[in-house]
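Just so you know, we're using our numbering here: the sequence shown kicks off at 13 and counts up by one.
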Amino acid sequence: MDSMAQPTTASDASPALSTDQAGIVAAGHHAGAEPASAHAQLAALTVGYVVREWDTSTLDESMRDGYFGYYVQFRDGAPTLAFPVGQSPVERLAAARILIDYAERPQQPAAPASDSEAQA
13 MDSMAQPTTA SDASPALSTD QAGIVAAGHH AGAEPASAHA QLAALTVGYV VREWDTSTLD
73 ESMRDGYFGY YVQFRDGAPT LAFPVGQSPV ERLAAARILI DYAERPQQPA APASDSEAQA
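Written out as structure tokens, the structure reads:
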């Protein structure tokens, strides 16, 4: 398994937030998440998902600053959420909500090819 999927130990430090991440945190606070309850809400929300932490220090700074989490479905069927080490509980909860919402949306069928594309 590659290093992206390896769990790491969380630190208590939380990195500075990018504008996008600040919006996610604001959405988490707006939804009523408090740091003390965010852990319990995250645990309830992620039942059925593997949750991992990822040390993003090896990413280019521009990617590292904008990374708030990702969803991946492995071949073995394990839906996995990965978050940066040290991410605040409120930010992680908000990111998990966004990622799970996206992952669980019904997939749209591909648009049919136009006549000109079909003839090419």
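Built from N, CA and C at the ideal position, the CB exists for glycine as well.
Asked                                                                                                        : Found
Whole-angstrom C-beta distance between L93 and T58, which should lie under 8 Å                               : 6 Å
As assigned by DSSP and simplified to three states, the class of Y83                                         : strand
Beta-bridge pairing of T92 - partner residues as DSSP gives them                                             : V62 and V84
A34 classed as buried or exposed, judged by whether at least 16 other C-beta atoms fall within 10 angstroms  : Any reading at A34 must be qualified, since the residue scores a pLDDT of 48, below 50, and its modelled position is unreliable; the value itself is stated next. That one is exposed.
Residue interval of the alpha helix (DSSP H) (run including V102)                                            : P101 to E116
Inter-stretch contact (C-beta, 8 Å, three-pair minimum) for the segment 98 to 114 and the segment 74 to 87   : yes
E103 classed as buried or exposed, judged by whether at least 16 other C-beta atoms fall within 10 angstroms : buried
G78 (DSSP reduced to helix, strand or coil)                                                                  : helix
Straight-line Cα distance separating P96 from S2                                                             : Past the edges of the chain, shown from 13 to 132, lies residue 2, and the structure says nothing about it.
Backbone CA spacing between R76 and T70 [nearest angstrom]                                                   : 8 Å
Alpha-carbon to alpha-carbon, A115 and G89                                                                   : 13 Å
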